[in-house]
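Engineer:
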Amino acid sequence: MALGEKYKMLTGELYLASDPELQAESAATMAWLARYNGNLGLSPAERSQVLGERLAAIGRGVVVRSPFHCDYGFNISLGDEVFINFNCVILDVVAVSIGDKTQIGPGVQILTADHPRDPAERESGLEFGRPVTIGRNVWIGAGALILPGVSVGDNALIGAGSVVTRDVPEGTTVVGNPARVRD
Numbered sequence: 074m075a076l077g078e079k080y081k082m083l084t085g086e087l088y089l090a091s092d093p094e095l096q097a098e099s100a101a102t103m104a105w106l107a108r109y110n111g112n113l114g115l116s117p118a119e120r121s122q123v124l125g126e127r128l129a130a131i132g133r134g135v136v137v138r139s140p141f142h143c144d145y146g147f148n149i150s151l152g153d154e155v156f157i158n159f160n161c162v163i164l165d166v167v168a169v170s171i172g173d174k175t176q177i178g179p180g181v182q183i184l185t186a187d188h189p190r191d192p193a194e195r196e197s198g199l200e201f202g203r204p205v206t207i208g209r210n211v212w213i214g215a216g217a218l219i220l221p222g223v224s225v226g227d228n229a230l231i232g233a234g235s236v237v238t239r240d241v242p243e244g245t246t247v248v249g250n251p252a253r254v255r256d
């Protein structure tokens with residue numbers, strides 16, 4: 074029995090994003106994002122309710138400022154009191170988990186989508202994802218990039234504009250491109 078492209082995507086296998094089921098999911102997410110981003114006048118409770126319609130999990134007191142962008146939404150889990158500032162992009166082809174009290178600055182990109190390194194395989198249109206996990210009480214500065222497969226430990230700090238290419242240990246500060254532990 075052949076596995077569907079959505080199943081392959083969710084399990085981190087190579088998949089075709091052009092699959093009709095995935096295109097329908099993407100269209101549904103775009104409609105949801107237009108509604109969420111276009112309703113700035115809603116109360117915090119109403120905005121939280123709209124977020125809960127598409128996200129995998131949303132804790133208490135979550136704030137996601139518009140505009141917000143994602144691939145699907147249903148792979149994103151936000152803990153209690155997560156704050157996401159303006160213009161955040163989360164490419165969530167696989168799981169993205171963000172722990173309680175984490176603060177994310179404006180223009181941050183969290184990316185799970187990845188592509189084969191082999192040119193022929195890449196040319197075929199196949200892609201895959203690697204999950205991103207961000208711990209509790211993390212601060213991610215404006216314009217930072219979190220690349221596929223990265224885990225960020227609790228209480229870590231990621232400097233503005235940093236490009237995080239590898240795991241960040243608990244309680245450390247990383248800065249730069251590529252991000253390195255600051256002494």
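In this note's numbering, each residue's number is its place in the sequence shown (first place is 1) plus 73. Just so it is clear, CB atoms sit at the ideal spot from N, CA and C, and this is done for glycine as well.
What does DSSP give as the partner residues of residue 212 in its beta bridges?
Structural biologist: 176 and 230
Engineer: What does the alpha-carbon distance come out to for the pair residue 241 and residue 229?
Structural biologist: 7 Å
Engineer: Can you tell which of 237, 210, 166 and 211 has its C-alpha closest to the C-alpha of residue 204?
Structural biologist: 166
Engineer: Which whole-angstrom value is the C-beta distance of residue 217 and residue 162, which I expect to be below 8 Å?
Structural biologist: Approximately 11 Å separates the beta-carbon atoms of residue 217 and residue 162; this is outside 8 Å, ruling out the contact.
Engineer: Residue 150 lies in the beta strand (DSSP E); which residues open and close that run?
Structural biologist: 149 to 151
Engineer: How should residue 221 be labelled, buried or exposed, when 16 other C-beta atoms within 10 angstroms of its C-beta is the threshold for buried?
Structural biologist: buried
Engineer: With respect to the beta strand (DSSP E) encompassing residue 205, which residues constitute its N-terminal and C-terminal limits?
Structural biologist: 205 to 207
Engineer: For residue 200, does the three-state DSSP call read helix, strand or coil?
Structural biologist: strand
Engineer: Here's the rule I'm using: 16 or more other beta-carbon atoms within 10 Å means buried, otherwise exposed. How should residue 148 be labelled?
Structural biologist: It is buried - the Cβ of residue 148 has at least 16 other Cβ atoms within 10 Å.
Engineer: Residue 120 by DSSP, collapsed to three states: which one?
Structural biologist: helix
Engineer: Can you tell me which of the three DSSP states residue 218 falls into?
Structural biologist: strand
Engineer: From which residue to which residue does the alpha helix (DSSP H) around residue 170 run?
Structural biologist: No alpha helix (DSSP H) holds residue 170; the beta strand (DSSP E) holding it covers 169 to 171.
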